[in-house]
Structures are given as structure tokens and as C-alpha cells.
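This report concerns only the one structure given below.
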């Protein structure tokens, strides 16, 4: 999970067109930049398809993901069961499809929690400075000293196992990363615009700063959030694999892998589908995130 | 650098890290506060009498003010007493000292593999940017980061343990008792762990090298008529050593976490399985013990890396 | 920028019969960009005699820096194409392989750059960086290299050189770092020193010191100097010949006194006129209107035409360098124009 705060404040402007420092808003410019990159457009397409599948899961899946069929246990691929059945006779393909909304929702929950906690704290730390900044920075340093999964497991253990709790734990674990990033950006942007704002406008400084700093500081955060989605996905898969996340009989890709592993000797092909799903989705988020980073940082664009 | 200034640096860094360490212990301790409901009731379990709950409350000092509890716990911890497991009754320190070596073995091995494979890959890619090798390395990089480590572990077991029978699928051996056997057992887990490490190291060393080799001082070196190998191996590598140290620190942190999952795949009796079982079984002293150990290891290693920084890069201010 | 108040210092002793040290003939630099190939400089020609001090002046982007870099093969090989010839002691530098060039970089030609902080390796001591050059080219022992380096540091006016040897670039001041660079470039006793804007990033007082140092080194060791700068005042201080570049071409090439006393090209005159001077306090600064044409959009005729006060119809034709009064000018009106000299005392008037 690498993250470098970019140092160039803005190409995406939310300022008024008359503001001399910012170009007029270009709404789809960002999208166009991303789509120009073939890897990113493929990733975006994949994610959209996945989202569609996830939303339509109850109607698309051929079988129920939870109904067990003792007669057809660990069956190989067939016309009826496209990816075979698991050790309880459940259709793997349906479980895979039903796992999509769960997995995606889990990732978004984790990143959402991280943002809700990390963004305001980072913003305030960078803006207020002083002892508040010192304190927050120390806390961030401390939390980042824990190996992420260990901290997540610890928090999950305290909150109680389950998908929601474990994703809240993951969000708590990611929050310091976001906070630090936002703080850094705020420091930079504050230094750049503060002087101009103080010089040109006198009144409503705070408002202006909040309306100008926040949009400018937020861009690398969007990149980071996308990358964190990939990390959250992998975290959910790991935690569910360990039994700390999703609880049976709910299908999560990680949990499916856990079961598949138990019966690996008899039916090793069970391992492929969920693993590939995780890999592709994480890859898609990562590719998108990297493309966004390049698109948002003009210095990187013409390399 | 003289030993005296090194000592002063170490002292200074220790002082700087003290608040972080203290905060870390506080976080570990305060974790228990997240438990919904009354802690004493949770610890006591189902269907116990009020009296028993009160007893537990007194036993664990839960009736005392929070900070006092913390001080008491911290005092115990510093003396090496991390309480006992709620499930097994074994002293937490015992469990940890039994399992830590297994974890450390695979993590160390994985770190070694990551650096030994990652750095040459990064160098090779940087020497010929845009080439096929470079493209290969960056694809590898993207894959390594998106690949679920435990899935790779499962695949490795399926192929190398089950099918080919080259490596054992589960378990671990003590390094001190049977070193070769221990390494044999640790190989597959270490490889699974190292996958993302190799990707990260290769990526970072490649970009750091590219940046250095296109810098102005390298231009000066060429203007001085130095041969390329001197420019690269003497100047280039020394300038990227700081980046490599940073990556190393990052990997330590990440691998100590990822090892938890890998250990589950290989059924290794290490820190990972310890904390997972404890978390599922609400064995809080054990959870706290493991977390404390891990964070101390990470902070300690970061301290070491900080000191090494100053050795490699004179610009790092020993402030 | 230094004012033209200091008298010009002694001119370099030039042996008339000496072979030219450096002969650049029709050196053109082309860049490969995503928009195709762009020609950055157009057939640059100049010559430097042993011990001579030649200044190349021009504004940013005229191509003077890349010309200097091309001589030592320091332009990125994949995106640059260099044509023409650059003969150093009779050998053409441009087609040389890296190995061949290595024997020249250092002992034959030394180079110093504009930003000494970025030009020095931050993780090695300054002494080591100088000594390694010596060890690499002369094959001497570490101890001897160290001794000679300390001598060299003293030679460029660095106090306590033995102590400075073990210091890192970031703990030295800008002026000191530039002295270190000079020591490093001169340690192998090259015949030619190329200086690319060495004083631009320094304070004015330090500038003066560095210039004095360069002048002293050049005269005492007989090292020729190719001084690339946009600062005419600096050229007046230490150079004997001045080559003016504009938009990738050489437009004038004369002795410094002639250039300052009677410039032949309108651009040179314009540059000289635009130097601020104490005698003209209270009067508006003069400047050259217009802008430099962009590399891909060079006009066929005179490139300075759009900004020239003396342009006539004939200026539409491509202008070639002509010999005039002991120098070269790229202007067909060179002999008929009476261009104003530089304001204030010129080097010629003060050479006492």
C-alpha cells in the first residue's frame, strides 16, 4: 500500500471561473484522462460489470447460495452447476455471484469508515497545527506501527466477530493512512492559498479557505481511497478466510476459499474461482487508482 | 561516525520514540474498552451469578479507575507479566515465547527473499526502462500487490506439497533443534509471504534508481569521466540505499501482519494462529499480548532502520 | 548582474601560431519529441584557442547550454540527435563512444554546472568526490589523491581544506560548493573548462569571487574557458571573445571590446542597451520588444527580424554568418548599421 502525497494542488477546479488561480471547471476532463489509459478503462469496465452483477445477484444466480444439496457434494463442473458444488452441495457459481455484493459492500464500508474518521482529523490537524496537530500525528504514528492485520484482528476480537465489525475494524486501521495524507495535503495547500486569500480578500477567510483547501487537498485522497478499496478487499478476504469476517452460511470470496482449502485434496479446482475473483477485483481497483493518480498529477502525465 | 555520536543518536531516537511506544501500549490496553457491554460479564461468561461477576471484577481490577488499571497493567507488562490466557490458563508470555520463533523464521526468510530477488529485478528494470524486462517487472509488481497472499499459499501447497511432495504442507520445526528441517518447513510459507514483498521492492528500487541515474549529480559524474559501473554501483546504489531501507521497514510491518494469514494456511503454530484463536474465543489477554509484542518488534526495528539511515545518508539530520 | 564599472582585466596571452584547442563546426542539435523531431540549434560554429576565454551569451532557451552539454556527450542519447563536428585537439568528440570520451572528460575538458548543490553527490564527502576523479584518471593511491585534493581545495581558496575534505555538500555554502566544483573540474588539469552558468545561482558578492577565481585559474594554468551565461556583465569581466546566440543560431562572434564598443548585430546591441546602469538612474529601462520564435516555428529568414528595429525587406532571406571587422556577424546590414555601444564605460575604455 504505497502512497505518496502529490505536491501539485489542482487541475480539477471547483473555484469560480473568475478566480485567477484556478482554471474553469472541466467536468469530464478527469474521466477522459482516465479512459485514455487502456488498462484503466478495462479496469473501470470490469468494476462496472461487477457492480451490475452484484446488484442483480438475486436474479442472475442460477441457484440459491445457501441451499444445500447432500446428494451433489463436491461435484465437478457441469451444465447445471457451472463451477461445481462445494462440500455442502451448494452451487459455487451462485455463491460466487452472491459473494460479489457482500465483498464490494464490505470494501466500501471499510473505506467509508476510514474516510469518515481520517478525513476530518487530518484536515483539522493540518489546518490548526500546534498541539492538536502534534497529538494527532503521534496517534497516527502509533497506529501505523501496528501491523495492519494484527490491529484489525485485535479490534475485531474486541468488537466481536462478524462482517460489519471486522470491516469497521479495517476502516479504523486504514484511517491513520488517510489522515496523514490529508494532513500533508492540507499543509501544502494552506501555505499556497492562505497568503493569496489573506492578501486579496479580507472577509470570510475561513470560509474561503475551507472552500478552497478542501477541494484541493482532497484529490490525492481520492486516489488513496481507490487504492484502499483494493486493500480493504484483500483484508476482508483474509479476515473471512480466518473466520473473523463473514459468518457462515453467507458467501464471501474469502470464506469460500477457506472451505475450498479444507477439501483441497479432493477437489482442488474449488480454489480457483474465488481466488481469481479476488485477484481481478483488487487488480482493477489498483489499476484505476494508479491511473487516477497519474491523471490528477500533471507532472506525471507526460512521462 | 564515531561511537559517541552514534550513542547520542540512539538515545535521541529512543526519547523521540518513547511517546509512540507509550501510546501503543495504551492503545493495546484500551482495546478492551471497545468490547460492547460490561467487560466483567463478558469475561465471566454465560449464566453466572452476580457474585461471580463481582469476583471477576475485583480479580481483574475492573472496579478501579481506568488509568490506574492501565498503570497496573503496564507495570506488569514491563516486568514480563502479560497475564494468563482465559482459555488455556497458560501464561501469555509462555505461549508467545513458544510461538514467536516460528513466526520470526518465516518472516525473516521472506524478507531475505524479497530483498534478494526484488533488488536485482528493480536494477535490471531500471537499466533498460521501457524494455520488455521492464514491462515484465511492472506487471509483476501490479500482480504482487493485488494477489491475495493466502491464495498463493494455497496454490503453492497444492502444487509443491500435495502434487510434487517437495515440501511439507503443514507444521513447523524449531530452528534451534533441527535447522535444516525448520528451513524446509518454512520455505513455502516464506515464498507465499515474499510475493508481495518482491513486487514492492522491485518497484521501489526501480523508480529510485531511475530517479538517481537521471539526476544532475550523475551528469557531473559522467562529465568527470567516471566509468558507468563506478557511477552505478558506487554512487547510484548508495543514493538509493535510503529508499531501500524505507521499503525494508515497510515490509517488516506488512509481513508481520500477513504472516497471520499464511500461518493459518500452513497450520504453523505461530503468533498468527495464536491471535486468531484468541480473537475468536474472546481471549483478550492473549490478543493484547500478541499485539504488544508485534508493535514492540516493529518500533524496535524502525529504530534500527533510523540509525542505519544516518549511516547511509549524511543529509539525514540526527536531530 | 554585475555592473560595468570594473575595469576589464588583463587579456589572455594568445599564441597566434597555436592550434585551435576546440573547433566546433556546424553543430546542430535535434530533439525527438512526441510531435516529431525539433531542431534546437542550427549549425553552431565557434573556436577556442588554448588559454582563450570565450563567452557564449544569449537568453534562456537559445541553445547555449545544450551546446555545451553536447560537447561532452551529456545530452540524453535516446532523444537527441547531434550533427556536425566538435574537434578537440583534432579529435571529433561527437561520434565518440562513451569509453573514448571518458579519457577526455576530466583530463582534457572539465565542466562545471549552474547549481552546485544538485551537481554534487549528496552522500559522499566533497573530498572523496574530487579524489575519485584523480584516482580514476591518474591511477594514484588513495593517500596521494587525498593530499592532492587538499592542495586543490586550498588552490580554490577554501580555508581549512583538510577539514573540508570530510564534509558533505549540504554543509557547505553555495560559494564553497562552487569552489569545490571548480577544484573537481580542474583537478586533472584539463586544457579547457566549460562553465555553464556557474555564477547564476550565487549572491552577487560571491559571484565576483568565483569569477576572480576562474580568471586566476585560467591565467595561471593556461586553461581555456568556455563560459556559458546570459549575463553580459560577467562576460565583460573575464572573457576575451564573445559569441552571441539567438534562437539557436550564432549571431555574432567578436572580441569582447568590439562587442561592447561597437556591436554589429542588432540583438547584441539590444542586449547591451538593456543592461541597467547607474548613470541612467531615473530613466526607464530599455528592452527588446517581442518574443523568441519557438523551436518548431523558426522563420526562414532572419530569426531576429520580428524584433529588430532595423529590419528591411532583405531580412526575409536566410542570413549567413559573414566576416566583419575581425569577427562574425549574422546580419546583412552589419557593416552599415551604427549601433549604439553599451552604456557606460566599456572594457576598451578602461583597459589601463
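Residue numbers (the working numbering), protein chains in the order written: chain A, 1 to 303; chain B, 1 to 319; chain C, 1 to 352.
Idealized CB from N, CA, C, for every residue including glycine.
Predicted model, so just to flag it, every value in this text is computed and none were measured.
Can you tell me which of the options puts its alpha carbon nearest to the alpha carbon of residue i?
{"i": "residue 187/C", "options": "212/C, 208/C, 166/C, 147/C", "result": "147/C"}
{"i": "residue 106/A", "options": "79/A, 279/A, 239/A", "result": "239/A"}
{"i": "residue 215/C", "options": "248/C, 249/C, 179/C, 230/C", "result": "179/C"}
{"i": "residue 100/A", "options": "247/A, 56/A, 130/A", "result": "56/A"}
{"i": "residue 87/B", "options": "144/B, 278/B, 297/B", "result": "278/B"}
{"i": "residue 145/C", "options": "100/C, 127/C, 159/C, 61/C", "result": "127/C"}
{"i": "residue 181/B", "options": "74/B, 145/B, 167/B, 259/B", "result": "167/B"}
{"i": "residue 41/C", "options": "33/C, 29/C, 51/C", "result": "29/C"}
{"i": "residue 176/B", "options": "284/B, 237/B, 101/B, 29/B", "result": "101/B"}
{"i": "residue 248/C", "options": "295/C, 107/C, 196/C, 230/C", "result": "295/C"}
{"i": "residue 182/C", "options": "205/C, 203/C, 167/C, 153/C", "result": "153/C"}
{"i": "residue 231/B", "options": "223/C, 123/C, 275/C", "result": "123/C"}
{"i": "residue 145/B", "options": "258/B, 241/B, 298/B, 20/B", "result": "258/B"}
{"i": "residue 18/B", "options": "64/A, 269/A, 141/A", "result": "141/A"}
{"i": "residue 248/A", "options": "229/A, 68/A, 288/A", "result": "68/A"}
Determine the direct distance from the alpha carbon of residue j to that of residue i, and round the result to whole angstroms.
{"i": "residue 220/C", "j": "residue 170/C", "result": "30 Å"}
{"i": "residue 256/B", "j": "residue 234/A", "result": "16 Å"}
{"i": "residue 70/C", "j": "residue 140/C", "result": "30 Å"}
{"i": "residue 26/A", "j": "residue 297/A", "result": "Any answer about residue 26/A is weak, because its pLDDT of 48 lies below 50 and its placement is not dependable; what the coordinates show is given next. Rounded to the nearest angstrom, the two C-alpha atoms are 15 Å apart."}
{"i": "residue 133/B", "j": "residue 125/B", "result": "6 Å"}
{"i": "residue 142/B", "j": "residue 122/B", "result": "14 Å"}
{"i": "residue 24/B", "j": "residue 38/C", "result": "59 Å"}
{"i": "residue 194/C", "j": "residue 214/B", "result": "21 Å"}
{"i": "residue 297/C", "j": "residue 190/B", "result": "60 Å"}
{"i": "residue 38/A", "j": "residue 290/A", "result": "12 Å"}
{"i": "residue 16/C", "j": "residue 57/C", "result": "The pLDDT assigned to residue 16/C is 39, lower than 50, so where the model puts this residue is not dependable; a value taken from the coordinates is nonetheless given after this. Each residue's Cα considered, the two are about 25 Å apart."}
{"i": "residue 163/A", "j": "residue 171/B", "result": "29 Å"}
{"i": "residue 131/C", "j": "residue 160/C", "result": "17 Å"}
{"i": "residue 3/B", "j": "residue 304/B", "result": "15 Å"}
{"i": "residue 328/C", "j": "residue 319/C", "result": "12 Å"}
{"i": "residue 85/B", "j": "residue 286/B", "result": "6 Å"}
{"i": "residue 82/B", "j": "residue 264/B", "result": "24 Å"}
{"i": "residue 123/A", "j": "residue 186/A", "result": "6 Å"}
{"i": "residue 292/A", "j": "residue 47/A", "result": "15 Å"}
{"i": "residue 10/A", "j": "residue 223/A", "result": "Residue placement at residue 10/A is flagged as unreliable, the pLDDT there being 31, under the threshold of 50; the coordinate-derived value follows with that caveat. Cα-Cα distance, rounded: 14 Å."}
{"i": "residue 21/C", "j": "residue 257/C", "result": "22 Å"}
Suppose the cutoff is 7 Å on Cβ atoms and the five residues either side in sequence are ignored; what does the same chain contact list for residue i look like?
{"i": "residue 267/C", "result": "244, 246, 251, 304"}
{"i": "residue 19/C", "result": "none"}
{"i": "residue 225/A", "result": "111, 115"}
{"i": "residue 173/A", "result": "148, 151, 152"}
{"i": "residue 203/A", "result": "Low local confidence applies: a pLDDT of 49 at residue 203/A is under 50, so the model's placement there is unreliable, with the coordinate-based value given in what follows. Closer than 7 Å at the Cβ level, and outside the excluded window around residue 203/A, lies no residue."}
{"i": "residue 103/A", "result": "233, 236, 252, 253"}
{"i": "residue 127/B", "result": "none"}
Would you mind stating whether residue i and residue j have Cβ atoms separated by less than 9 Å?
{"i": "residue 148/A", "j": "residue 315/B", "result": "no"}
{"i": "residue 105/C", "j": "residue 224/B", "result": "yes"}
{"i": "residue 260/A", "j": "residue 86/A", "result": "yes"}
{"i": "residue 198/C", "j": "residue 112/C", "result": "yes"}
{"i": "residue 184/C", "j": "residue 133/C", "result": "yes"}
{"i": "residue 317/C", "j": "residue 301/C", "result": "yes"}
In its own chain, which residues sit with a C-beta less than 8 Å from the C-beta of residue i, not counting the 5 before and 5 after it?
{"i": "residue 338/B", "result": "Since the first residue shown for chain B is 1 and the last is 319, residue 338/B is missing from the structure and cannot be characterised."}
{"i": "residue 25/C", "result": "45, 84, 85, 86, 87"}
{"i": "residue 307/B", "result": "6, 9, 10, 13"}
{"i": "residue 274/B", "result": "95, 96, 99, 286, 290"}
Ignore the nearest five residues each way along the sequence and tell me which others in residue i's own chain have a CB closer than 6 Å to its CB.
{"i": "residue 116/B", "result": "none"}
{"i": "residue 278/A", "result": "237, 253"}
In chain A, what lies closer than 7 Å to residue i by C-beta?
{"i": "residue 257/B", "result": "147, 148, 149, 150"}
In chain C, which residues lie less than 7 Å from residue i when you measure between Cβ atoms?
{"i": "residue 219/B", "result": "74"}
Using the beta-carbon of each residue, which ones in chain B are nearer than 8 Å to residue i?
{"i": "residue 119/C", "result": "216, 217, 219, 220"}
{"i": "residue 137/C", "result": "225"}
Could you list which residues in chain B have their beta carbon closer than 7 Å to that of residue i, in chain order?
{"i": "residue 106/C", "result": "224, 225"}
For residue i, return the contacting residues in chain C, with the cut-off set at a CB-CB distance below 8 Å.
{"i": "residue 228/B", "result": "98"}
{"i": "residue 132/B", "result": "What residue 132/B touches in chain C: nothing, since even the nearest Cβ is about 16 Å away."}
At a CB-CB cut-off below 9 Å, which residues of chain A make contact with residue i?
{"i": "residue 191/B", "result": "Those do not exist, as residue 191/B stays about 16 Å from chain A at its closest Cβ, beyond 9 Å."}
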